[in-house]
Amino acid sequence: MKKLSLLTGIMLMFFLTSCRDIVNSVLDALPPFDVPFSTNLDLPFASVSTTTYTRTPEIPMNIDLNAKIKENNPNFSINNLKSVKLNTLSLDYVSSQLGNKLDVIKNAKIYVKAPNQTERLIAYAYDNTNPNTITFTLTDEEIIEYFRTSQNSLIIEIMASKVTADQIKMKMNSGFKIKVQL
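Shown next as structure tokens:
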């Protein structure tokens, strides 16, 4: 009988300890959240070739994830960052000087850049024919190291569908999925 009581006591203690660990881990977790980034781009568009890519100047994002994390929960910081992935990206036509629309862009690639990091491809669009919106395919790359600093930017590479020159204004809409935990 003593062995049964001892065994029951040990099992009960193990069960209660496990439950406490599970509850603590749930309470410590901050649900994943989105950090949006939108900007208007005024891109000089000059294409003399339809077979090579032209790079745009860097587009500074300067997303301060530490501040965004603290907005969601002041107990967390950039030190608790576990994952950053791009989860949405599109370019929307706003206007142009000579009437060209986004269908002059045949292919586009988006790279993320940060100090002491190599540029990384995070999205691409091939064979675009839509004049108003370019929706990108995402690479599902883990880009956490690019957001440990607020000095992050994007670079766009564009291949034209026809030889042309124009000044195109577009709006970039993007969102990053952030995961944080203790």
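Using mature numbering (1 follows the signal peptide of the UniProt record, and there is no 0), the letters of the sequence shown map in sequence onto residues -19 to -1, 1 to 163. Just so it is clear, CB atoms sit at the ideal spot from N, CA and C, and this is done for glycine as well. Remember, it's a predicted structure, so these values are computed and weren't measured experimentally.
Sequence-distant residues of its chain with Cβ nearer than 8 Å to residue 58 (five each side left out): Here residue 58 refers to the residue found at position 77 when the sequence shown is read from its first residue. For residue 58, the CB contacts under 8 Å within the same chain, skipping 5 residues up- and downstream, are 47, 50, 51 in chain order.
Spatially closest choice to residue 13 from 62, 32, 31, 36, by CA coordinates: The residue given as residue 13 occupies position 32 in the sequence shown. If we check each option's Cα against that of residue 13, 62 comes out closest.
CB-CB under 6 Å to residue 139, same chain, minus the five flanking residues each way: which ones, in chain order? On the sequence shown, residue 139 is found 158 positions in, with the first residue counted as 1. Same-chain partners within the cutoff: 35, 86, 89.
Residue 21 vs residue 75 beta-carbon contact at 8 Å: Along the sequence shown, read from residue 1 onward, the residue named residue 21 stands at position 40. Along the sequence shown, read from residue 1 onward, the residue named residue 75 stands at position 94. Contact flag set, yes.
Pairwise C-alpha distance: residue 130 and residue 78: Along the sequence shown, one-based indexing puts residue 78 at 97. Along the sequence shown, one-based indexing puts residue 130 at 149. Going from the Cα of residue 78 to the Cα of residue 130 covers about 36 Å.
Helix, strand or coil, according to DSSP, for residue 95 in the structure here? As a working mapping, residue 95 is identified with position 114 in the sequence shown. Residue 95 sits in coil when the DSSP states are folded into three classes, being neither helix nor strand.
Is residue 149 buried or exposed, if buried means 16 or more other CB atoms sit within 10 Å of its CB? Translated into positions along the sequence shown, residue 149 becomes position 168. Burial call: buried.
As assigned by DSSP and simplified to three states, the class of residue 160: Residue 160 sits at position 179 when you count from the first residue of the sequence shown. Reduced to three states, the DSSP call for residue 160 is strand.
Do residue 157 and residue 15 come within 8 Å of each other at the CB atom, strictly closer than that value? Position 34 of the sequence shown, counting from 1, holds the residue named residue 15. Position 176 of the sequence shown, counting from 1, holds the residue named residue 157. Yes, these two residues count as a Cβ contact at 8 Å.
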